[in-house]
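Protein chains in written order, with my numbering: chain C, 1 to 332; chain L, 333 to 664.
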């Protein structure tokens, strides 16, 4: 292991936390095991468990060869190194997690939100390799996003930029948690897709495999499986989802004019059933100057890996000279 | 004049082109006269006229003291220095305007679109002074926008980012020129506001000064004057406009999390009649983490000045070292 240096990447999710030791080529060479995030009722006990879980891997590569720790977490704030009011985590209020990790591990720690970490991972090792302008949209239990413009992540004034899942795209469906009427997440998250299936089933007269299930048994995963087996109603669910998603993507394109939009998360297992209507409705809502230009891609990275790799990439970015963004005029 | 250096700023509009010689403090010290853009059927004749118009001012400060020319133009592409398919200009296709100006003036020329120039002007000399994350929205005949994130203008992959006027915000109104259904411009441009007035007038039973005018006589300017004089229907037009605008602004905030949004253009003469409903509906559609944080401001610059100053600022940016965007991790 000698001269090589490594970074640790940590992906904190509401259910589980995954971590790994990553080398310069973007390979996860050792894993840090899986922690049940929700079990740790205090951030202190979580950091302690994380340290125990990672110690064997860290000792294997040599603690002195590790340059730092990068963390992706829901509601993670890059500027402040905090996790703030994350609804899906057990820790309330504002948690200074980067500082706590630095103190426990005696290593520098950078933290960002999970979708931003996935975007960095896609940019360095995935479908967006070599691109300076792209958007990663994570379609999971919720809908998250990471926006890269001119080679850098867009953080915004307070570090919370890229909440595209909460942009309003079509009125008529209230979000179960935020209360916002018509947000993208209400339609295109796994939860939203299951809801669409239940709504469509109510007025569907033809046959459908979904009829055999009770309301709460109808999940996005089930709808996806039925759709892939040719169930007409289940396919309609993805057509509708793609229509709403495509409309939203058109707006995003007119905002930041990305080279590509990368879709990520469990929902993309629907494949072409989702991609085809999404692309169609995106193109339909674009100005001509954007039409036919934007690549719509599925992530190439394994789901957990992207966030671990992206989080670990935050470590190298601390060390290396920042890229010169030649094309961007910059204000004083 | 001796040691001082200067930049020329040019603001090309569909109707008129204005220009000026600008010093380092952002003062327009000499004006280049007003050219009737539409009269010049070829870009060559326009560049020649621009040179004639600017020559007296350039000689007064000394041609050798001028460091370059910055141009803001509709559909201006910063990457390529071109004006591309601008519907409101007499020149068809792709015009290599920056190169033509460089050859005629023997000075370096940078070019961007007019809304981006206004954003640079606001950032250097206007309401966004010192801000690194803001959006300028120009509400005029059309709706343009310039987005600044992390201290730099967002240009996107092909240089056409920031077409916020064409994002879809509320279905049910087809844009007269793009054909898109429900774009922001269809509601909040001067043209859109006049249209809203005519639509509301159709079903309005109370008294209104606007009744005295025929359809095409009802302009955004007239609606604004009537509203400021207390006309109830005219005020409702701005309430509705503010509602649609506020919804769109909420989406923009969740995209790039700006410190401020600066409204610019003729429509802002309506003042609080527009600002109050806009702010209310923006806040109403925001996630709690953004609420009460974003400054909604009117431009402080004179309309023509902002674009001239912003265009001239492109010249200094060529010369000076780019700002280090410390807070932004940057991808390789």
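We put the beta carbon where it would ideally sit given N, CA and C, even for glycine.
**Prompt:** Of all the CB atoms in chain L, is at least one closer than 7 Å to the CB of residue 74 of chain C?
**Reply:** no
**Request:** Check the Cβ-Cβ distances between residue 619 of chain L and every residue of chain C, and say whether any is below 7 Å.
**Result:** yes
**Asked** For the stretch 77–110 of chain C, which segments carrying the alpha helix (DSSP H) assignment without a break, of at least 4 residues, lie completely within its bounds, in sequence order?
**Response** 97–105
**Contacts of residue 586 of chain L in chain C (Cβ-Cβ under 7 Å)** = 163, 164, 166, 167
**Request:** Kindly list, in the order they appear in chain L, the residues whose Cβ is closer than 9 Å to that of residue 149 of chain C.
**Result:** 479, 481, 482, 484, 486, 487, 488, 493, 588
**Message:** Any beta carbon of chain L sitting closer than 7 Å to that of residue 259 of chain C?
**Reply:** At least one chain L Cβ lies under 7 Å of residue 259 of chain C.
**Message:** For a cutoff of 7 Å on Cβ pairs, would you count residue 88 of chain C as touching chain L?
**Reply:** no
**Message:** Counting beta carbon pairs with one atom in the stretch 511–528 of chain L and one in the stretch 582–593 of chain L, are three or more of them shorter than 8 Å?
**Reply:** These segments do not touch.
**Prompt:** By the 10 Å Cβ neighbour count, where 16 or more other Cβ atoms means buried, how is residue 356 of chain L classified, buried or exposed?
**Reply:** Exposed: under 16 other Cβ atoms inside 10 Å.
**Request:** List the endpoints of the continuous beta strand (DSSP E) containing residue 595 of chain L.
**Result:** 592–596
**Prompt:** Can you tell me whether DSSP reads residue 333 of chain C as helix, strand or coil?
**Reply:** The structure shown does not extend to residue 333 of chain C, since chain C is modelled only from 1 to 332, so the question has no answer here.
**Request:** Use the C-beta contact count for residue 45 of chain C: other C-beta atoms within 10 angstroms, 16 or more gives buried, fewer gives exposed.
**Result:** exposed
**Asked** With a cut-off of 7 Å, does the C-beta of residue 305 of chain C fall near any C-beta of chain L?
**Response** no
**Item:** Neighbourhood of residue 324 of chain C by C-beta, 7 Å cutoff - its chain only, sequence neighbours within 5 removed
**Value:** In this prediction, residue 324 of chain C has a pLDDT of 28, which is less than 50 and means its spatial position is unreliable; what the coordinates show is noted afterwards. So the list is empty, once near-sequence residues are dropped.
**Request:** Kindly identify the DSSP beta-bridge partner or partners of residue 183 of chain C.
**Result:** C/168
**Item:** Three CB pairs or more closer than 8 Å across the stretch 281–298 of chain C and the stretch 92–106 of chain C
**Value:** no
**Asked** Does the Cβ-Cβ distance between residue 9 of chain C and residue 309 of chain C come in under 7 Å?
**Response** yes
**Asked** Does the stretch 405–420 of chain L come close enough to the stretch 609–624 of chain L to have 3 or more Cβ pairs within less than 8 Å?
**Response** No, the stretch 405–420 of chain L does not touch the stretch 609–624 of chain L.
**Prompt:** Does DSSP classify residue 36 of chain C as helix, strand or coil?
**Reply:** strand
**Request:** Output the distance between the C-alpha atoms of residue 600 of chain L and residue 575 of chain L, rounded to the nearest integer angstrom.
**Result:** About 15 Å.
**Selected residue, minimal CA-CA separation from residue 47 of chain C, among C/303, C/286, C/17, C/62** = C/17
**Prompt:** Are the stretch 361–374 of chain L and the stretch 382–396 of chain L touching, with three or more C-beta to C-beta distances below 8 Å?
**Reply:** Yes, they touch.
**Message:** Strictly by DSSP, which residues pair up with residue 401 of chain L?
**Reply:** L/340, L/441
**Item:** Separation of residue 74 of chain C from residue 497 of chain L, as counted between CA atoms
**Value:** Approximately 31 Å, taken between the alpha carbons.
**Request:** Express the C-alpha separation of residue 236 of chain C and residue 452 of chain L in angstroms, rounding to a whole number.
**Result:** 46 Å
**Request:** Would you kindly work out how many angstroms separate the C-alpha atoms of residue 445 of chain L and residue 69 of chain C, rounded to a whole number?
**Result:** 42 Å
**Beta-carbon neighbours of residue 579 of chain L, restricted to chain C and to distances below 7 Å** = Around residue 579 of chain L, the beta-carbon contacts reaching into chain C at under 7 Å are 168.
**Request:** Give the straight-line distance between the Cα atoms of residue 429 of chain L and residue 398 of chain L, rounded to the nearest whole angstrom.
**Result:** 19 Å
**Asked** In whole angstroms, what is the alpha-carbon distance linking residue 150 of chain C and residue 535 of chain L?
**Response** Residue 150 of chain C and residue 535 of chain L: Cα-Cα distance of roughly 48 Å.
**Cβ separation of residue 408 of chain L and residue 443 of chain L, assumed to be a contact under 8 Å, to the nearest whole Å** = Between residue 408 of chain L and residue 443 of chain L a beta carbon distance of about 5 Å is seen, short of the 8 Å cut, so the two are scored as contacting.
**Item:** Residues bridged to residue 17 of chain C (per DSSP)
**Value:** Looking at the DSSP output, residue 17 of chain C shares a beta bridge with C/12, C/35.
**Residues of its chain near residue 558 of chain L, where Cβ-Cβ distance is below 7 Å and the 5 sequence neighbours each way are ignored** = 541, 542, 566
**Item:** C-alpha gap between residue 222 of chain C and residue 500 of chain L, whole angstroms
**Value:** Rounded to whole angstroms, residue 222 of chain C and residue 500 of chain L show a C-alpha spacing of 32 Å.
**Item:** Cα-Cα separation, residue 81 of chain C to residue 207 of chain C
**Value:** Answer to the nearest angstrom: the Cα atoms are 52 Å apart.
**Request:** Return no unless some Cβ of chain C is closer than 7 Å to the Cβ of residue 583 of chain L.
**Result:** yes
**Item:** Contact list for the stretch 453–466 of chain L against chain C, Cβ threshold 7 Å
**Value:** 455, 456, 465
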